[in-house]
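Down below is the structure, laid out as structure tokens.
Number of protein chains: 2
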Amino acid sequence: MKDQELQNRLGAFVERVTMQMEGFGLPHYVAKTFSWLLVCDPPEQSAEDLMELTGASKGSMSTATRMLQQMHMIDKVRPSGERKYYWRIRSGMWVDLLKIRLSILEQFSKIADEGLELLGEEPAGRSARLKEMKDLYDFMSIEFPSVLDKWEKKPKESSDG
Amino acid sequence: MKDQELQNRLGAFVERVTMQMEGFGLPHYVAKTFSWLLVCDPPEQSAEDLMELTGASKGSMSTATRMLQQMHMIDKVRPSGERKYYWRIRSGMWVDLLKIRLSILEQFSKIADEGLELLGEEPAGRSARLKEMKDLYDFMSIEFPSVLDKWEKKPKESSDG
DNA sequence: TCGAAGATTCAGTATTGACTGAATGTTCAA
DNA sequence: TTGAACATTCAGTCAATACTGAATCTTCGA
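From first to last, the protein sequence lines stand for chains A and B.
The first sequence begins at 0 in numbering that gives the first Met the number 0 and counts up by one.
The second sequence begins at 0 in numbering that gives the first Met the number 0 and counts up by one.
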């Protein structure tokens with residue numbers, strides 16, 4: 000496959016990843032920037048490179064890289080002797096992303112508690128909806144982190160497989 | 000606690016739940032409508048009731064209830080002999096909500112596959128980022144559903160606890 | 001079939017948020 | 001300390017989405 004053809008096909012692929020990441024609440028260009036960083040060569044790209052790949056403006060790119068960095072999804076690096084910064088996907092970021100999303104489960108349990116406290120003197124039937132919510136999220140707050148734990152303790156296969 | 004005071008406190012509680020649900024991508028009034036349905040008395044409320052509780056317009060309420068129904072979060076009921084419809088939280092909806100969100104995990108795995116296919120002839124190092132993504136989501140696509148399964152098979156405690 | 005209660009639609013308006021790029025700030029080699 | 005390279009900020013513009021409510025449609029008892 001020629002370089003240009005690969006780049007075109009990757010462009011279509013990047014669109015799909017971008018849509019998926021938008022579902023996580025990322026703005027379009029932030030998602031697109033991240034998606035290009037997933038497949039670009041080399042893995043390190045400057046702001047200028049990313050502007051060309053995504054078509055975003057200087058300002059958008061500054062925002063995009065900052066947001067992705069704050070979400071621990073990409074790292075900023077500066078090779079010694081260079082004036083530019085480069086950005087690359089942060090190793091292990093997918094697990095971190097899952098952890099953050101799973102921590103929301105505990106929020107749900109806590110919020111349900113607050114509601115149950117307020118309804119304490121009301122007839123028990125009125126609390127049934129919140130109780131159902133709390134029971135599930137309590138359970139998941141224990142089970143999901145233990146799955147992540149299992150993943151992190153899992154021996155990784157070598158990359159020649 | 001007086002009725003009015005309880006209602007005021009529930010109002011503040013509903014605000015919190017609303018914010019949380021907005022994080023799921025629900026528009027404000029949709030989230031607010033859902034949140035009131037979690038704690039209202041009785042659990043069944045008409046569109047008119049919900050308009051008063053949330054302050055939303057007729058049109059917004061029509062949209063909100065339709066969306067929540069399509070997401071299987073609430074049910075529409077009409078008591079025999081009445082002209083009005085009533086809405087109530089759907090029993091078991093929290094598990095369904097989780098299932099939908101977890102099905103996204105499989106999407107990630109599939110998307111990573113597409114990318115890996117495209118990069119097939121490239122040096123192996125270039126695929127490392129997608130490989131890391133795929134491995135994690137493959138694992139979670141198996142583990143998370145089995146947690147849900149465990150929940151559904153779990154004997155439920157009686158409600159007098 | 002009629003009409004009143006109730007539900008839905010949708011064109012118009014308001015609001016929010018994304019995006020740009022010129023101005024400004026920062027860094028560092030010389 | 002200077003200025004060239006690069007990064008960031010933010011006021012202004014544009015686009016997308018939420019929300020309203022009058023008009024329209026549906027339902028069902030009489």
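Using N, Cα and C, we set each Cβ at its ideal position, and we do this for glycine too.
- Within chain A, no residue has its CB atom less than 9 angstroms from the CB of TRP86 (chain B), the nearest being about 13 angstroms off.
- Pairing ARG82 (chain B) with ILE73 (chain B) gives a Cβ-Cβ distance that is not under 8 angstroms.
- Judged by beta-carbon spacing, ARG125 (chain B) lies within the 8 angstroms limit of ASP40 (chain A), meaning their Cβ atoms are closer than that value.
- In terms of Cα proximity to GLY58 (chain B), the closest of B:VAL29, B:VAL16, B:ASP148 and B:LEU5 is B:VAL29.
- As computed with DSSP, VAL146 (chain B) is found in no beta bridge at all.
- With fewer than 16 other beta carbons inside 10 angstroms of its own, SER61 (chain B) counts as exposed.
- Excluding residues up to 5 positions away in sequence, nothing lies with its Cβ nearer than 8 angstroms to the Cβ of LEU117 (chain B) in the same chain.
- In this structure, TYR85 (chain A) lies near GLN44 (chain A), with their beta-carbon atoms less than 8 angstroms apart.
- At a Cβ-Cβ threshold of 8 angstroms, TRP150 (chain A) and PHE138 (chain B) count as neighbours.
- One thing to note: HIS71 (chain B) has its Cβ within 8 angstroms of the Cβ of ARG89 (chain B).
- At a Cβ-Cβ threshold of 8 angstroms, ALA111 (chain B) and MET132 (chain B) count as neighbours.
- Here HIS27 (chain A) has THR17 and GLU21 as same chain residues with Cβ atoms under 8 angstroms from its own Cβ, once five neighbours each way along the sequence are excluded.
- Scanning chain B for C-beta atoms nearer than 9 angstroms to the C-beta of ILE99 (chain A) yields nothing, as the closest lies near 12 angstroms away.
- Residue pairing for ARG87 (chain B): DSSP places it in a beta bridge opposite B:ASP74.
- Counting only the Cα atoms, ARG15 (chain A) lies some 19 angstroms from GLU51 (chain A).
- The beta-carbon separation of VAL38 (chain B) and GLY114 (chain A), rounded to 6 angstroms, stays under the 8 angstroms limit for a contact.
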